[in-house]
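Visitor: First, the structure itself, so that you have it in front of you.
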Amino acid sequence: QLILLDVDDFSAINEELGHRAADDVIRQFGKQLLQEFPSPHCLVSRLDGDEFAVLTVGNSDVFTLGPRATNIAVPRQTREGIMVSVTISAGIAAAPEHGHTASELMRHADIALGAAKASGPQRHVVYDPALGEAFKSRKGLEARMKQAIEDEGFELFYQPIISLRTMKPAGVEALLRLKQGAKDTPAVFVPVIEKLGLMPQLGAWIIQQAFRDSRRWPELRTSINLSPLQLENPALLDQIDFHRARFDVAPKSIGFEITEGVLLNKSATVHDNLQGLRDRGYVLALDDFGTGYSSLSYLSEFEIHRLKLDQSFVRGGRLIETRSATLIQGVIDICHKLNIDVVAEGIEEMEEAATLRQWGCDFAQGYQFGRPAPARTAAQNLVTLQNNAAAIVDYRTGEPVLGAV
Numbered sequence: 003q004l005i006l007l008d009v010d011d012f013s014a015i016n017e018e019l020g021h022r023a024a025d026d027v028i029r030q031f032g033k034q035l036l037q038e039f040p041s042p043h044c045l046v047s048r049l050d051g052d053e054f055a056v057l058t059v060g061n062s063d064v065f066t067l068g069p070r071a072t073n074i075a076v077p078r079q080t081r082e083g084i085m086v087s088v089t090i091s092a093g094i095a096a097a098p099e100h101g102h103t104a105s106e107l108m109r110h111a112d113i114a115l116g117a118a119k120a121s122g123p124q125r126h127v128v129y130d131p132a133l134g135e136a137f138k139s140r141k142g143l144e145a146r147m148k149q150a151i152e153d154e155g156f157e158l159f160y161q162p163i164i165s166l167r168t169m170k171p172a173g174v175e176a177l178l179r180l181k182q183g184a185k186d187t188p189a190v191f192v193p194v195i196e197k198l199g200l201m202p203q204l205g206a207w208i209i210q211q212a213f214r215d216s217r218r219w220p221e222l223r224t225s226i227n228l229s230p231l232q233l234e235n236p237a238l239l240d241q242i243d244f245h246r247a248r249f250d251v252a253p254k255s256i257g258f259e260i261t262e263g264v265l266l267n268k269s270a271t272v273h274d275n276l277q278g279l280r281d282r283g284y285v286l287a288l289d290d291f292g293t294g295y296s297s298l299s300y301l302s303e304f305e306i307h308r309l310k311l312d313q314s315f316v317r318g319g320r321l322i323e324t325r326s327a328t329l330i331q332g333v334i335d336i337c338h339k340l341n342i343d344v345v346a347e348g349i350e351e352m353e354e355a356a357t358l359r360q361w362g363c364d365f366a367q368g369y370q371f372g373r374p375a376p377a378r379t380a381a382q383n384l385v386t387l388q389n390n391a392a393a394i395v396d397y398r399t400g401e402p403v404l405g406a407v
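Throughout, this note's numbering is defined as the position within the sequence shown, counted from one, plus 2.
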């Protein structure tokens, strides 16, 4: 049996405590491995950095090897007296079930280790053929995304954002899509692009395209999503300044949406980029509020102009549940007292829009008002929504329902 192991988040230990403390952790971990898997029936080897391999012979049950490896009690105090919390992840492959050659076992144990680390700290996974298929699928998706970026295989769709006061379009959100014929959805391919570190490159193209398309609807605001990696780019403001001048777009007609993960990062570059966007007159929106670790403290600590309520606030009858309704109304009231507009996402029924309008919600976005569409189609849809009140219809039946509001 072959076990591949590494220390969870070792890079963070290295960065926070320094190389000497990190090296001490590795040495102690190696000693513990030798004690847990002694020779002559086991071979322990350090492969690289924080990655180790254990080769065992005999009739050991592979399902007992993982707990033995991941539960090793690595000392939490270095020689310098620094307390360190250390966990271990492991991937396991056995011959002949998982391979007949050394290269097969290494490859399959490595795939199992990747699955273990993806499922959280201090996990172990025994290789299974399904993991191999998932690995091939993921690698295929990564290859397709790299090729799509090289071939400009993406396009932007735009979804209308409606003012609940006037029931007229107030803006659009730019949404990334693969060009026609591709089956991968944004929920699938965006995390892959981010993991590959390609989002800054793709994000630069999105900014360029969105600024260009915004000239189709100059009276409305175009919202552009910014990833954490983009905000870590010191050249971000220069990119935006270049395209603003190139396409002669007023900052007031552009907004940028960020996620709470950005606000958790207090790096100087992120701070400077956010402040630079504010100083230039762009609207900043906090997206997907209500998911993850959303905190009302963000509203006081960071100067944002809009808050987007995640669709989970609206879906499943949440608006008629007393506790949920009270929470939503409370968020709207707090935002208004802080001069922050509120956008409700995921509106699929006019009754939802009517309720939110009654509570003072400023804007709404969802299939009820229009599906995302390519720029040319989106421009036509916006004109229709602007000029014809009856165009606001039930997206499922096609019947006019504006009167419900």
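Note that CB positions come from ideal geometry on N, CA and C, so glycine has one too.
Can you give, in chain order, each stretch of the alpha helix (DSSP H) that sits fully within the stretch 149 to 237 and has at least 4 residues?
Guide: Counting whole runs of 4 or more residues, the stretch 149 to 237 contains the alpha helix (DSSP H) stretches 188 to 197, 201 to 215, 230 to 233.
Visitor: If we count the other Cβ atoms within 10 Å of its Cβ and call it buried at 16 or more, is Thr324 buried or exposed?
Guide: Taking a 10 Å sphere around the C-beta of Thr324, we find fewer than 16 other C-beta atoms and assign the residue as exposed.
Visitor: Could you tell me the alpha carbon to alpha carbon distance between Ala14 and Lys170, rounded to whole angstroms?
Guide: 49 Å
Visitor: For Gly368, which of helix, strand or coil comes out of DSSP?
Guide: Coil.
Visitor: What separation, rounded to the nearest whole angstrom, lies between the Cα atoms of Phe137 and Glu106?
Guide: If you take the alpha carbons of Phe137 and Glu106, they lie about 14 Å apart.
Visitor: Give every residue of the same chain whose Cβ lies closer than 6 Å to the Cβ of Gly263, excluding the five residues on either side of it in the sequence, and list them in chain order.
Guide: Pro230
Visitor: With DSSP collapsed to three states, give me the class of Pro376.
Guide: For Pro376, the secondary structure class from DSSP, reduced to helix, strand or coil, is strand.
Visitor: Express the C-alpha separation of Thr357 and Asp281 in angstroms, rounding to a whole number.
Guide: 35 Å
Visitor: Name the residue from His102, Leu35, His110, Ser299 whose alpha carbon lies nearest to the alpha carbon of Gly93.
Guide: His110
Visitor: If we count the other Cβ atoms within 10 Å of its Cβ and call it buried at 16 or more, is Phe31 buried or exposed?
Guide: buried
Visitor: Could you give the distance in angstroms between the alpha-carbon of Val64 and the alpha-carbon of Leu57?
Guide: 12 Å
Visitor: Taking Cβ positions, are Arg317 and Ser326 nearer each other than 8 Å?
Guide: Contact: no.
Visitor: Taking the alpha-carbon positions, what's the Thr89 to Thr72 distance?
Guide: Just so you know, the alpha carbons of Thr89 and Thr72 end up roughly 7 Å apart.
Visitor: How about Ile5 and Leu67: are their beta carbons less than 8 Å apart?
Guide: yes
Visitor: What runs of the alpha helix (DSSP H), each 4 residues or longer, lie entirely inside the stretch 23 to 49?
Guide: none
Visitor: With a CB to CB cut of under 6 Å and the five nearest residues on each side skipped, what residues in its chain are close to Val59?
Guide: His43
Visitor: For a test of the three-state rule: what should DSSP assign to Lys268, helix, strand or coil?
Guide: coil
Visitor: So what does DSSP say about Arg282, is it helix, strand or coil?
Guide: coil
Visitor: Nearest-angstrom Cα distance between Asp240 and Arg214?
Guide: 16 Å
Visitor: I'd like to know whether the C-beta atoms of Leu204 and Ile151 end up nearer to each other than 8 Å.
Guide: yes
Visitor: I'd like to know if the stretch 33 to 47 and the stretch 121 to 135 are in contact, where contact means that at least 3 CB-CB pairs between them fall below 8 Å.
Guide: Segment contact: the stretch 33 to 47 against the stretch 121 to 135, fewer than three CB-CB distances shorter than 8 Å; contact not assigned.
Visitor: Between the Cα of Gly51 and the Cα atoms of Ile226, Pro69, Arg29, Ala172, which residue gives the shortest distance?
Guide: Arg29
Visitor: Quick one: what does DSSP say His273 is sitting in, helix, strand or coil?
Guide: helix
Visitor: Do we get a CB-CB distance below 8 Å when we pair Gln360 with the residues of chain B?
Guide: Annotation note: the requested chain B is absent from the structure, which comprises a single protein chain.
Visitor: Given a cut-off of 8 Å, decide if Ser87 and Asp8 are closer than it, judged by their beta-carbon atoms.
Guide: Not a contact, by the Cβ cut-off of 8 Å.
Visitor: Return the CA-CA distance between Gly405 and Met352, expressed in angstroms with no decimal places.
Guide: Residue placement at Gly405 is flagged as unreliable, the pLDDT there being 46, under the threshold of 50; the coordinate-derived value follows with that caveat. Using only the alpha carbons, I get a separation of about 9 Å.
Visitor: If we count Cβ pairs, one from each stretch, closer than 8 Å, do we get three or more for the stretch 372 to 384 versus the stretch 333 to 350?
Guide: no
Visitor: Identify every residue that forms a DSSP beta bridge with Gly93.
Guide: Leu6, Val127
Visitor: Could you name the residues that DSSP lists as bridge partners for Lys310?
Guide: Under the DSSP definition of a beta bridge, Lys310 partners with Val345.
Visitor: Taking the alpha-carbon positions, what's the Leu276 to Leu233 distance?
Guide: Near 8 Å, if we compare the C-alpha coordinates of Leu233 and Leu276.
Visitor: Is it right to say Asp10 is buried, meaning 16 or more other beta carbons lie within 10 angstroms of its own, or is it exposed?
Guide: That one is buried.
Visitor: Using 8 Å as the threshold, is the C-beta distance between Asn227 and Glu259 below it?
Guide: Their beta carbons are under 8 Å apart, which means Asn227 touches Glu259 by this criterion.
Visitor: Can you round the beta-carbon distance between Gln211 and Leu158 to whole angstroms, since I take them to be within the 8 Å contact cut?
Guide: Here Gln211 really is in contact with Leu158; their C-beta atoms are around 5 Å apart, less than 8 Å.
Visitor: Looking at C-alpha atoms only, which residue of Thr261, Asp243, Phe156, Gly292 is the closest neighbour of Tyr284?
Guide: Asp243
Visitor: If you reduce the DSSP assignment to three classes, tell me which class Thr386 lands in.
Guide: helix
Visitor: Apart from the five residues on each side of it in sequence, which residues of its chain come closer than 6 Å, Cβ to Cβ, to Val46?
Guide: Leu35, Leu36, Phe39, Val56
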